[in-house]
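Trainee: Dropping the structure in here first, questions after.
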Amino acid sequence: MGAWQDGNSTLTVPGREDPVDLLIAASYGARYRGLLGRDGLHGALMLTPCASVHTFRMRFTIDVAYLDKELRVLDVRTMRPGRLGLPRPRSRHVLEAEAGAMARWGVRPGVRLAIGAPQRPAA
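Okay, structure coming up:
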């Protein structure tokens, strides 16, 4: 996929029939906001470009998947609020979801994910 833009899309995980709702945060402002101020998340959030995240001022525990440029999962971690994640070499994107979601969806190291065509949010 070319240049990423903020918007809504879907995440497809091999072996899972239903796609997962995905929010793409590609602009500086959208990446900066991330999940701050939210009490939960339906689906997932992809931060791009991104190699590390933190959970300072977050209200809930999240799963974090680090993806390479081919959308292959490099690592998956669970992070409680108030933590600083280490940068992951070769990571180009970070996928965030509520704790436990990655395991339910089958997102694990080595799996290559697919992302549908983004739909820009309504103005």
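When you number the sequence shown by our numbering, it's gap-free, plus one each residue, and the end is 218.
Glycine included, C-beta positions come from ideal geometry on N, C-alpha and C.
(1) Indicate the three-state DSSP secondary structure (helix, strand or coil) for residue 96 in the structure shown.
(2) Are there three or more Cβ pairs, one per stretch, closer than 8 Å when the stretch 156 to 164 is compared with the stretch 109 to 125?
(3) Near residue 150, what residues of its chain come up, given a Cβ to Cβ distance below 7 Å and the 5 sequence neighbours on each side ignored?
(4) Could you tell me which uninterrupted beta strand (DSSP E) segments, each at least 3 residues in length, are contained entirely in the stretch 137 to 217, listed from first to last along the chain?
(5) Need the endpoints of the beta strand (DSSP E) that residue 102 sits in, please.
(6) Pull up the DSSP beta-bridge partners for residue 120, would you.
(7) Tell me whether residue 96 is buried or exposed, calling it buried when 16 or more other Cβ atoms sit within 10 Å of its Cβ.
Mentor: On the basis of the coordinates in this document:
(1) Note that residue 96 has pLDDT 49, beneath the 50 cutoff, so the model's placement of it is unreliable and no number is given.
(2) no
(3) 157, 174, 175, 176, 177, 178
(4) 139 to 142, 157 to 162, 168 to 174, 188 to 193
(5) 102 to 107
(6) 142
(7) Only weak support is given to the placement of residue 96: the predicted model assigns it a pLDDT of 49, under 50, and the value that follows is read from those uncertain coordinates. Answer is exposed; the Cβ neighbour count stays below 16.
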